[in-house]
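Asker:
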Amino acid sequence: MTTKRALDKKSKAQAAKIAPVEKLPKQAKTGAMKFEYAPSLESTDIVRIEKRNRLFIGGKFIEPSSEAYFTSMNPATGERLADIAEAGDADVDLAVRTARKTYENVWSKMSGRERGRYLFRIARLIQERSRELAVLETLDNGKPIRESRDVDVPLVAAHFFYHAGWADKLNYAFPGQNVSPLGVVGQIIPWNFPLLMAAWKIAPALACGNTVVLKPAETTSLSALLLAQVFQDAGLPDGVVNIVTGAGATGAALVNHPDVDKIAFTGSTDVGKIIARAVAGTKKRLTLELGGKSAHIIFEDAALDQALEGVINGIYFNQGHVCCAGSRLLLEESIAEEFVAKLKKRVAKLRVGNPLDKNTDIGAINSAGELKKIKKLIQLGKDEGGEFFEPTCAIPDKGFYQRPCFFSNVSSSFTLSRVEIFGPVLAVSTFRTSQEAVLKANDTPYGLAAGIWSEKGAKIHKVAGQLKAGVIWANTYNKFDPSAPFGGYNESGWGREGGRHGLSAYLDVR
Amino acid sequence: MRSVSMTDKAGRTLALLVPPVDEVGATERAEFFTKRSIKKESKIHALYLAISMCDLTTLEGADTPGRVRQMCEKARHPVPPDVFQSVAGQKNLPPIPSVAAVCVYPSMVSTAVKALAGSAINVASVATAFPSGQAPLKVKLDDTRFAVSEGANEIDMVINRGAFLSGDYQLVFDEIAATKEACGEAHLKVILETGELGSLDRVRLASEIAMRAGADFIKTSTGKIQPAATLPVTLVMLQAIQDFYMKTGKKIGMKPAGGIRTAKQAIQYLCMVNETMGSDWLTPDLFRFGASAMVNDILKQIFKEATGRYYYDRVFSLD
Amino acid sequence: MAIEKNLHVPKTIKLFINGEFPRTESGRHISLYEHGSQKVFAHVCRASRKDLRNAVAASLAARGEWEKRSAYNRAQILYRMAEMAEGHREEMVSLLTKINAASAGDANQSVDAAIEAFVYYAGFADKFSQVSGCVNPVSGPHHAFTTPEPVGCVAAIFDDNIESILALPIVAATLASVIASGNVVTALLPSNVSAQLAPLAEIFATSDLPKGVVNLLTGHQSELLDHLASHMEVQSICYVGSDRTTQEKLKTLGAENMKRVICFAPDANPTSLDRLAGFVEFKTVWHPIGH
């Protein structure tokens with residue numbers, strides 16, 4: 453295995469003279485070995501999935517009055533995972549009335565200290581059931597188990613833990629002003645981070661003293677229903693959180709219900725606009741976390757190897773199903789060629805496959821529909837003349853998969869630069885000066901996030917100040933924390949989630 | 633990008649463009665490799681590979697020919713073949729390979745050369761007033777030449793950290809270049825002693841200087857200073873090697889040394905090499921571990937895979 | 012020969028766009044009468060859609076520079092407005108007494124409140140980001156801080172029915188609060204009080220405020236409101252009034268580019284943090300902490 457030494461063992465002196473080691477040839481003679489990673493599958497034994505999953509209203513799992521169910525698939529295999537109740541208008545009405553009654557009779561009468569105790573208990577139970585939650589999330593959503601285990605679920609627990617402590621300290625959040633809860637909050641969340649978005653919504657709402665009717669996305673309802681079990685186990689009073697599963701019609705019923713005081717929505721900008729118009733004539737409060745087309749700017753003085761990882765994490769994390777994905781890469785021209793070469797090498801190393809494999813970097817696209825949309829946009833990018841790169845790695849034959857890919861030599865006028873693809877597709881273009889970088893970065897109706905890479909502090913601060921985006925990651929990307937406000941400028945949404953600023957979305961501050 | 637300019641022996645100016653390193657990002661990336669889950673046949677494969685990449689090392693004031701001979705035996709046969717056969721026979725595991733090299737002080741080189749006669753194992757000698765490097769250049773070069781003349785075919789030198797930290801990069805470069813010349817045909821591993829450099833930026837700069845000056849390998853540490861090899865330091869050195877290869881087409885080897893004690897760590901490093909450099913570097917010709925204690929832990933893991941039992945050192949010797 | 016006593020020079024109240032006082036390009040006007048009489052007191056320009064477009068364009072052009080000004084500099088300019096308002100006190104009092112038949116006491120109080128608003132926001136311009144921003148104790152080796160930034164180009168729309176005596180302080184406070192954080196604004200003034208508000212334009216024009224930061228339009232809301240609310244370059248609407256239909260319309264039209272529509276009742280406290288907080292975006296910046 454090792455280099456054979458051509459050493460004449462008989463004579464030391466001679467040995468020194470006659471080249472003890474052959475000059476190592478370019479092709480090492482022992483032969484470099486390919487290092488394949490055997491499948492390392494996370495066991496699914498820990499999760500029990502009900503065949504039929506009912507609505508969670510008033511602390512109990514109940515049949516939908518509509519008696520309708522729809523199928524939820526495992527996107528990794530395309531196979532049926534479970535049936536989910538489809539809440540109709542009457543079910544949504546029951547959920548809202550239950551939430552109202554609970555708000556009036558129980559939750560609003562409870563002290564902040566007591567509310568906080570429940571949230572702390574929930575946080576702990578999530579930590580204790582973390583593996584189960586992670587596996588279920590991966591089964592239902594298709595995201596790699598490494599991410600659900602190391603990112604989603606820990607953040608879910610952290611969100612409950614962080615907000616638990618606010619419940620009895622709200623008067624310190626807005627000094628000099630009076631705060632009171634809003635009442636019944638309707639929350640509609642997307643499929644890309646099903647559990648995490650539920651936590652982002654529920655934790656602050658409860659800490660602030662509201663009761664909740666939550667509608668998960670129709671393709672990813674299961675982890676929210678498992679969270680409901682956690683609430684039961686934590687002894688959270690019945691009716692504080694109610695979960696109505698279903699598709700767009702269920703969401704619309706919630707948005708339009710007259711007894712809802714506030715709507716919080718995370719999802720596409722198109723739907724956000726529909727909701728904004730729907731509540732325009734009402735007294736309902738509204739916060740929105742919508743789409744993005746975030747720019748990732750790499751200056752020539754950046755730590756390029758770390759920037760490369762930032763770019764990879766920025767666009768390929770969670771299959772690119774991330775509202776703040778760094779989907780537009782802007783490279784300073786002087787390093788563009790070198791960086792694209794590095795990017796190609798790196799992208800080729802990403803491991804696409806079974807999300808339950810602990811070594812999978814890129815899992816399954818959440819649904820056939822999303823995959824179709826992504827494929828269509830990739831084709832459009834090719835038609836528009838972008839230079840396409842996609843590695844040749846194998847992907848499973850069943851299920852919904854897209855290899856990580858990127859387009860270089862992209863113009864700002866390409867569709868690729870303008871529309872949110874919501875998949876592992878990166879658009880790469882170049883700039884010459886920091887002014888031009890800022891101009892290009894801001895050249896979008898969105899304004900959720902942006903990344904800057906430079907080792908020059910003054911430049912970082914200047915550019916960060918000029919970018920019209922709610923979250924700026926400088927020399928890092930896709931970092932989340934319950935204490936750090938998150939949310940967008942312009943068409944990326946209204947309001948912030950997380951931190952002290954996120955509380956104001958669930959309080960009347962006077 | 634930092635630019636440092638060197639003048640080589642022929643009087644040519646070499647401009648070294650050294651990209652900055654973000655410590656948090658590098659650490660985050662390095663830690664990613666601790667999350668890889670290497671199981672079953674790929675684990676066995678990695679463990680065998682790791683043994684074959686080991687430089688078994690003894691660098692003590694108390695080293696004696698007897699001690700060195702014993703270590704050389706361990707290098708040839710990390711497990712006595714019969715013992716391994718009796719345990720792993722049914723599993724049809726291939727024989728345990730010998731290690732890549734033994735690493736000793738110059739005065740022990742001849743002992744090691746004799747002890748390893750007939751084997752494929754290289755003899756590496758530390759030189760250049762190891763571990764401090766605080767000696768006149770002449771002494772360092774004599775040290776090197778002596779080790780080579782005794783039969784060492786690999787030289788592990790230390791860089792002049794005093795010169796490096798005071799900004800005299802030219803001196804660091806010249807000493808490496810001179811040592812390379814003194815090595816003749818012996819392979820030169822250049823120890824940066826990263827634990828004394830203070831930042832990953834400097835690790836990157838020192839790597840550049842060493843490669844430009846003629847290193848065949850760059851190596852993290854002497855093992856005498858903490859921290860020794862770490863994943864982030866190794867990652868940054870690998871990235872320097874990668875960039876150097878992209879620019880020059882020359883493949884430089886990497887040797888993390890010190891602080892690597894377990895099979896688990898070995899696999900983490902191998903995943904890092906695999907995903908940062910590609911499989912070209914997964915050979916003892918281009919990657920080594922300076923990690924003596926690791927061998928037994930790897931053996932225990934192999935025995936575990938073979939038998940299903942958690943094993944102890946006593947079955948293969950504590951050497 | 013002495014000019015007849017009643018033969019005064021009726022003032023034409025012009026628009027205030029890009030630091031200048033143009034007539035409306037449409038050549039239209041609205042007549043204002045003295046209280047309880049048919050006597051024309053002044054003509055006000057009846058702004059057109061094109062005037063509106065020009066006003067928004069002027070504010071956009073001013074945005075970059077105003078945003079970049081230090082908070083201290085914005086504070087100085089706002090305080091200068093208070094000084095200039097003091098200089099215009101007699102004029103404003105006489106307008107209120109003449110057109111609205113307000114008592115001198117009430118009129119003076121109204122002017123006092125307007126001046127107080129300028130002073131209040133002058134004092135807040137360089138403090139509100141400390142009050143509303145923060146450093147976030149994130150878990151991990153990162154420094155993360157959150158600061159308010161101006162939302163951008165704001166449309167201020169005042170209900171036509173705002174009580175005349177209240178209009179002066181409300182408009183002064185609203186505009187001062189919006190620009191204090193670095194926003195630029197195009198305002199649609201209540202048409203029945205346009206004359207009384209005319210001195211405000213002169214105050215803005217003479218307070219070292221860069222041109223275009225504040226633009227004032229007079230005219231018929233029915234003609235202009237839809238165009239302002241649907242203008243894609245406008246990021247936010249500040250509506251002062253209590254008409255629910257107008258609110259719904261603004262929100263519906265504004266949804267196309269996700270405008271932030273912030274409504275204040277006319278009797279809401281004109282001097283408070285709310286007024287500033289409504290027109291900022293919070294930006295969270297992360298940076299690693301390493302060597």
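Protein chains in written order, with the numbering used here: chain F, 453 to 962; chain X, 633 to 951; chain B, 12 to 302. In this text, a Cβ means the ideal position worked out from N, Cα and C, and glycines have one as well.
From V741 of chain X to V755 of chain X, what distance separates their C-alpha atoms?
Answerer: Your numbering for residue 741 of chain X matches position 109 in the second sequence. Your numbering for residue 755 of chain X matches position 123 in the second sequence. If you take the alpha carbons of V741 of chain X and V755 of chain X, they lie about 7 Å apart.
Asker: For chain F, is any of its Cβ atoms less than 7 Å away from the one on M103 of chain B?
Answerer: In the third sequence, residue 103 of chain B corresponds to position 92, counting from 1. Not one chain F Cβ lies under 7 Å of M103 of chain B.
Asker: At the 7 Å Cβ level, is A155 of chain B part of the contact set with chain F, yes or no?
Answerer: Within the third sequence, the letter at position 144 stands for residue 155 of chain B. Yes, A155 of chain B counts as interfacial toward chain F.
Asker: Going by alpha carbons, who is nearest to H615 of chain F out of F:G635, F:K595 and F:I654?
Answerer: In the first sequence, counting from the first residue as 1, residue 615 of chain F sits at position 163. For the residues F:G635, F:K595 and F:I654, the minimum Cα distance to H615 of chain F belongs to F:I654.
Asker: Can you list the residues of chain X that P299 of chain B reaches, using a CB-CB cut of under 8 Å?
Answerer: The sequence position of residue 299 of chain B within the third sequence is 288, counting from 1. Neighbours of P299 of chain B on chain X, chain order: D654, E655, V656 and G657.
Asker: The beta strand (DSSP E) that contains D687 of chain X, what's its start and end?
Answerer: The residue given as residue 687 of chain X occupies position 55 in the second sequence. Element bounds for D687 of chain X: D687 to T689.
Asker: Extract the residue ranges of the beta strand (DSSP E) inside the stretch 699-724 of chain F, only unbroken runs of 3 or more that lie entirely within it.
Answerer: Here the runs fully enclosed are 714-718.
Asker: Can you check which of these residues, B:E45, B:N29 and B:T217, is closest to R91 of chain B by C-alpha distance?
Answerer: Residue numbering aside, residue 91 of chain B sits at position 80 when the third sequence is read from its first letter. The option with the nearest alpha carbon to R91 of chain B is B:T217.
Asker: Any C-beta of chain X sitting closer than 7 Å to the C-beta of E761 of chain F?
Answerer: Residue mapping note: residue 761 of chain F aligns to position 309 of the first sequence, counting from 1. It does; some Cβ of chain X falls within 7 Å.
Asker: From X:V736, X:G846, X:V719 and X:S949, pick the residue whose C-alpha is nearest to that of T690 of chain X; which is it?
Answerer: Taking the second sequence and counting its residues from 1, one reaches residue 690 of chain X at position 58. Among X:V736, X:G846, X:V719 and X:S949, the Cα nearest to that of T690 of chain X is on X:V736.
Asker: Indicate whether A761 of chain X and A767 of chain X have their beta-carbon atoms separated by less than 7 Å.
Answerer: Residue numbering aside, residue 761 of chain X sits at position 129 when the second sequence is read from its first letter. Residue numbering aside, residue 767 of chain X sits at position 135 when the second sequence is read from its first letter. Yes, these two residues count as a Cβ contact at 7 Å.
Asker: Give me the Cα-Cα distance between F791 of chain F and D711 of chain F, rounded to the nearest whole angstrom.
Answerer: On the first sequence, position 339 is the one that residue 791 of chain F refers to. On the first sequence, position 259 is the one that residue 711 of chain F refers to. Answer to the nearest angstrom: the Cα atoms are 54 Å apart.
Asker: Helix, strand or coil for L591 of chain F? Go by DSSP, reduced to three states.
Answerer: For this step, residue 591 of chain F is matched to residue 139 along the first sequence. Residue state, collapsed to three classes: helix.
Asker: Assuming P277 of chain B contacts L177 of chain B (C-beta within less than 8 Å), just tell me the rounded distance between them.
Answerer: Translated into the one-based positions of the third sequence, residue 277 of chain B becomes position 266. Translated into the one-based positions of the third sequence, residue 177 of chain B becomes position 166. So it is a contact: roughly 6 Å between Cβ atoms.
Asker: Would Y489 of chain F count as contacting chain X if we go by Cβ distances under 7 Å?
Answerer: The residue given as residue 489 of chain F occupies position 37 in the first sequence. Interface residue, yes.
Asker: Have a look at T908 of chain X and E673 of chain X and give me their C-alpha separation to the nearest angstrom.
Answerer: Within the second sequence, residue 908 of chain X is the residue found at index 276, counting from 1. Within the second sequence, residue 673 of chain X is the residue found at index 41, counting from 1. The straight-line gap from Cα to Cα measures roughly 22 Å.
Asker: Checking the sheet assignment: what are the DSSP bridge partners for M638 of chain X?
Answerer: Sequence index remark: in the second sequence, residue 638 of chain X carries index 6 (1-based). DSSP, once it has assigned bridges, lists X:L646 as partnering M638 of chain X.
Asker: Hey, out of B:G38, B:P210 and B:T263, whose CA is closest to V731 of chain F's CA?
Answerer: In the first sequence, residue 731 of chain F corresponds to position 279, counting from 1. Among B:G38, B:P210 and B:T263, the Cα nearest to that of V731 of chain F is on B:T263.
Asker: Please work out which residues of its chain come closer than 8 Å, Cβ to Cβ, to E828 of chain X, disregarding the five sequence neighbours upstream and downstream, and give them in chain order.
Answerer: Within the second sequence, the letter at position 196 stands for residue 828 of chain X. Here the set comprises R793, L797 and I857.
Asker: State buried or exposed for E784 of chain F, treating a residue as buried only when at least 16 other CB atoms are found within 10 Å of its CB.
Answerer: Residue mapping note: residue 784 of chain F aligns to position 332 of the first sequence, counting from 1. Buried: at least 16 other Cβ atoms inside 10 Å.
Asker: Just mark E174 of chain B as buried or exposed, buried being the case when its beta carbon has 16 or more other beta carbons within 10 Å.
Answerer: In the third sequence, the residue the question calls residue 174 of chain B occupies position 163. The residue is exposed, with fewer than 16 neighbouring Cβ atoms inside 10 Å.
Asker: Check whether the stretch 742-754 of chain F touches the stretch 934-954 of chain F, counting contact only when three or more Cβ pairs, one atom from each stretch, lie closer than 8 Å.
Answerer: These segments touch.
Asker: Looking at C-alpha atoms only, which residue of F:I787, F:P807, F:L674 and F:V877 is the closest neighbour of V774 of chain F?
Answerer: One-based indexing of the first sequence puts residue 774 of chain F at position 322. Checking every option, the nearest Cα to that of V774 of chain F belongs to F:V877.
Asker: Scan the stretch 142-169 of chain B for residues whose Cβ lies nearer than 9 Å to a Cβ of chain X and list them as they occur along the chain.
Answerer: So the list reads G151, P152 and H153, given in the order they occur along the chain.
Asker: Determine the DSSP secondary structure at K553 of chain F, reduced to helix, strand or coil.
Answerer: Taking the first sequence and counting its residues from 1, one reaches residue 553 of chain F at position 101. Note: K553 of chain F maps to helix in three-state DSSP.
Asker: Among all the DSSP beta bridges, which residues are the ones paired with P1 of chain B?
Answerer: Since the first residue of chain B shown is 12 and the last is 302, residue 1 of chain B is not available in this structure.
Asker: When burial is assigned at 16 or more other CB atoms within 10 Å of the CB, is K512 of chain F buried or exposed?
Answerer: The residue labelled residue 512 of chain F in the question sits at position 60 within the first sequence. By the 10 Å Cβ count, K512 of chain F comes out exposed.
Asker: Report the neighbours of K810 of chain F on chain X: residues whose CB is nearer than 7 Å to its CB, in chain order.
Answerer: On the first sequence, position 358 is the one that residue 810 of chain F refers to. By Cβ distance, chain X contributes S669.
Asker: In angstroms with no decimal places, state the Cα-to-Cα distance between V786 of chain F and A845 of chain X.
Answerer: If you number the first sequence from 1, residue 786 of chain F lands on position 334. If you number the second sequence from 1, residue 845 of chain X lands on position 213. Before going further, note that residue 786 of chain F is Ser rather than Val in the sequence given. Distance between the alpha carbons of S786 of chain F and A845 of chain X: 27 Å.
Asker: May I have the straight-line CA-CA distance separating R644 of chain X from A810 of chain X, to the nearest angstrom?
Answerer: Here residue 644 of chain X refers to the residue found at position 12 when the second sequence is read from its first residue. Here residue 810 of chain X refers to the residue found at position 178 when the second sequence is read from its first residue. Computed Cα separation, rounded: 16 Å.
Asker: Short of 6 Å in beta carbon distance, which residues of its chain neighbour I640 of chain F, apart from the five on each side in sequence? Order them along the chain.
Answerer: As a working mapping, residue 640 of chain F is identified with position 188 in the first sequence. For I640 of chain F, where only same-chain residues beyond five positions count, the Cβ hits under 6 Å are K667, G703 and F717.
Asker: Give the DSSP-derived three-state secondary structure of P738 of chain X in the structure shown.
Answerer: On the second sequence, residue 738 of chain X is found 106 positions in, with the first residue counted as 1. Looking at P738 of chain X - three-state DSSP - the assignment turns out to be helix.
Asker: Could you pull out every residue in the same chain whose Cβ sits closer than 7 Å to the Cβ of V291 of chain B, ignoring the five residues on either side in sequence?
Answerer: The count along the third sequence starts at 1 and reaches residue 291 of chain B at position 280. P159, E160, P161, V162 and S192.
Asker: Does the beta carbon of R729 of chain F come closer than 7 Å to any beta carbon on chain B?
Answerer: For the purposes of this step, residue 729 of chain F is taken as the residue at position 277 of the first sequence. Yes, R729 of chain F lies at the interface with chain B (some Cβ there is under 7 Å from its Cβ).
Asker: Please tell me whether W925 of chain F has its Cβ less than 7 Å away from any Cβ of chain B.
Answerer: Here residue 925 of chain F is taken as the residue at index 473 of the first sequence, counted from 1. Yes, contact with chain B.
Asker: Where DSSP assigns a beta bridge to A747 of chain F, which residues make up the other side?
Answerer: Position 295 of the first sequence, counting from 1, holds the residue named residue 747 of chain F. Answer is F:R780 and F:A902.
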